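K.L.:
Please see the structure below; I have some questions.
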Amino acid sequence: MYYGWNPWHGCKKISPGCKNCFVHFLDKIRNAPESIYKVKTKFNYPIQKDKNGNYKIPSNVQVGTCFTSDFFLEEADGWRNEAWKYIKERTDVEFLIPTKRIFRFKDCIPEDWEEGYTNVFICVSVENQEMADQRIPILLDAPIQKKGIFLAPLLEDINISRYLETKKIALVSVGGESYKNARECNFDWVKHIKEQCEAYQTPFDFHQTGSNFIKDGKRYTIPHKKEYEQAKKAFNKKA
9 MYYGWNPWHG
19 CKKISPGCKN
29 CFVHFLDKIR
39 NAPESIYKVK
49 TKFNYPIQKD
59 KNGNYKIPSN
69 VQVGTCFTSD
79 FFLEEADGWR
89 NEAWKYIKER
99 TDVEFLIPTK
109 RIFRFKDCIP
119 EDWEEGYTNV
129 FICVSVENQE
139 MADQRIPILL
149 DAPIQKKGIF
159 LAPLLEDINI
169 SRYLETKKIA
179 LVSVGGESYK
189 NARECNFDWV
199 KHIKEQCEAY
209 QTPFDFHQTG
219 SNFIKDGKRY
229 TIPHKKEYEQ
239 AKKAFNKKA
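Following my numbering, the numbering of the sequence shown begins with 9 at its first residue and continues without gaps.
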């Protein structure tokens, strides 16, 4: 079962990967204002309990954190310290936090962070070689217990071998862009990244094809609800 926690919603575009951001796209089709706000009903979700007094999020699960925003967004500076308290309380849960703002990381951690909370898994999100070379070195140098790379939305072939060589990366996860106007994701790029991961025994995951997927020279338009399923099949079956 998937557990997700979005303590705040909304974001600001900062790089090419943000051009067709799914958060902005979905807000638009729902006629929701493009704003950044604290999600009051779910803000303290990690410590919410059911009628029997049990945590609604059980122990020993991974929680996708702030997937409809960015945990290190400047507009969230007034809310983040409280969110960290919930994360610290739930040491029995792993919080997976993707970010394009790893450059703000050291300004946004709690005073007792030291070498990092053991239940926090931070992944930089990069879309092309330029962003990979900007963001991944910052991640590698940061005091974080568990580090990963989200190559999503993947917009071009990317070489991350020199970063994997450090053996500091616990996961590389790749995904294409979704919904209307999605830019292409070429399976050749995905295969090349998988090969790099295999060379350094780094766990690899192809989590979604994107809506505009090219495989073996053929273009596939894939409904968003099928992107995850097709990604799992891509290495052994046609999309």
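We put the beta carbon where it would ideally sit given N, CA and C, even for glycine. As the structure is a prediction and not an experimental result, all values here were calculated from the model.
Taking contact to mean at least 3 C-beta pairs separated by less than 8 Å, is the stretch 158-165 in contact with the stretch 196-209?
P.N.:
Yes, they touch.
K.L.:
Closer than 8 Å is the cut-off here; do at least three beta carbon pairs connect the stretch 46-63 with the stretch 84-102?
P.N.:
As far as the Cβ criterion goes, the stretch 46-63 touches the stretch 84-102, which means the pair count is three or higher.
K.L.:
Could you compute how far the alpha carbon of I105 sits from the alpha carbon of V134?
P.N.:
Distance between the alpha carbons of I105 and V134 is about 14 Å.
K.L.:
Whole-angstrom Cβ separation of C193 and T217, contact assumed at under 8 Å?
P.N.:
Indeed they touch by this definition, with Cβ atoms about 6 Å apart.
K.L.:
Quick check on Y45: buried or exposed, where buried means 16 or more other Cβ atoms within 10 Å of its Cβ?
P.N.:
Its Cβ having fewer than 16 others within 10 Å, Y45 is exposed.
K.L.:
Roughly how many whole angstroms lie between the Cα atoms of Y187 and S219?
P.N.:
So the two alpha carbons sit approximately 6 Å from each other.
K.L.:
Per DSSP, P106 forms a beta bridge with which residues?
P.N.:
C131.
K.L.:
Counting only runs of 4+ residues fully inside the stretch 67-128, write out the alpha helix (DSSP H) ranges in chain order.
P.N.:
Here the runs fully enclosed are 88-97.
K.L.:
Kindly list the residues whose CB is nearer than 6 Å to the CB of Y53, restricted to its own chain and excluding five residues on each side of it in sequence; keep chain order.
P.N.:
So the list reads W13, once near-sequence residues are dropped.
K.L.:
Per DSSP, what are the beta-bridge partners of L162 in this structure?
P.N.:
For L162, which the question treats as bridged, DSSP gives no partner whatsoever.
K.L.:
Alpha carbon to alpha carbon, what distance is there between D224 and S77?
P.N.:
So the alpha carbons of these two residues sit roughly 34 Å apart.
K.L.:
At the level of alpha carbons, what is the spacing between M308 and Y125?
P.N.:
A query on residue 308 cannot be resolved here, the shown segment of the chain reaching from 9 to 247 and no further.
K.L.:
Can you tell me whether E235 is buried or exposed, with buried defined as 16 or more other CB within 10 angstroms of its CB?
P.N.:
Classification of E235: buried, given that the 10 Å Cβ count is 16 or more.
K.L.:
Taking the Cβ atom as the reference point for each residue, do I146 and Q204 lie within a distance shorter than 8 Å?
P.N.:
Going by C-beta atoms, I146 is not nearer than 8 Å to Q204.
K.L.:
Tell me the rounded alpha-carbon separation between R112 and F75.
P.N.:
Taking the straight line from one Cα to the other gives about 17 Å.
K.L.:
Note down, in chain order, each residue of its chain lying with its Cβ closer than 6 Å to the Cβ of Q70, except the 5 sequence neighbours on either side.
P.N.:
Excluding sequence neighbours, Q70 sits near E102, L104.
K.L.:
Please report how far the alpha carbon of Q209 lies from the alpha carbon of K202, in whole angstroms.
P.N.:
Cα-Cα distance, rounded: 10 Å.
K.L.:
Quick check: the Cα distance between A247 and K240, rounded to an integer number of angstroms?
P.N.:
Residue placement at A247 cannot be trusted, given a pLDDT of 48 that sits under 50; the coordinates are not used to answer.
K.L.:
Name the two residues that bound the continuous alpha helix (DSSP H) containing K169.
P.N.:
With the sequence shown as reference, residue 169 is identified as Ser, and Lys is not the correct amino acid for it. S169 -> alpha helix (DSSP H) spans 169-172.
K.L.:
In angstroms with no decimal places, state the Cα-to-Cα distance between G184 and L163.
P.N.:
Taking the straight line joining both Cα atoms gives about 8 Å.
K.L.:
For K155, which three-state DSSP category applies?
P.N.:
K155: strand per DSSP, three-state reduction.
K.L.:
Is C193 helix, strand or coil when you go by DSSP?
P.N.:
Reduced to three states, the DSSP call for C193 is strand.
K.L.:
Consult DSSP for Y45 and reduce its assignment to one of helix, strand or coil.
P.N.:
Three-state DSSP puts Y45 in a strand.
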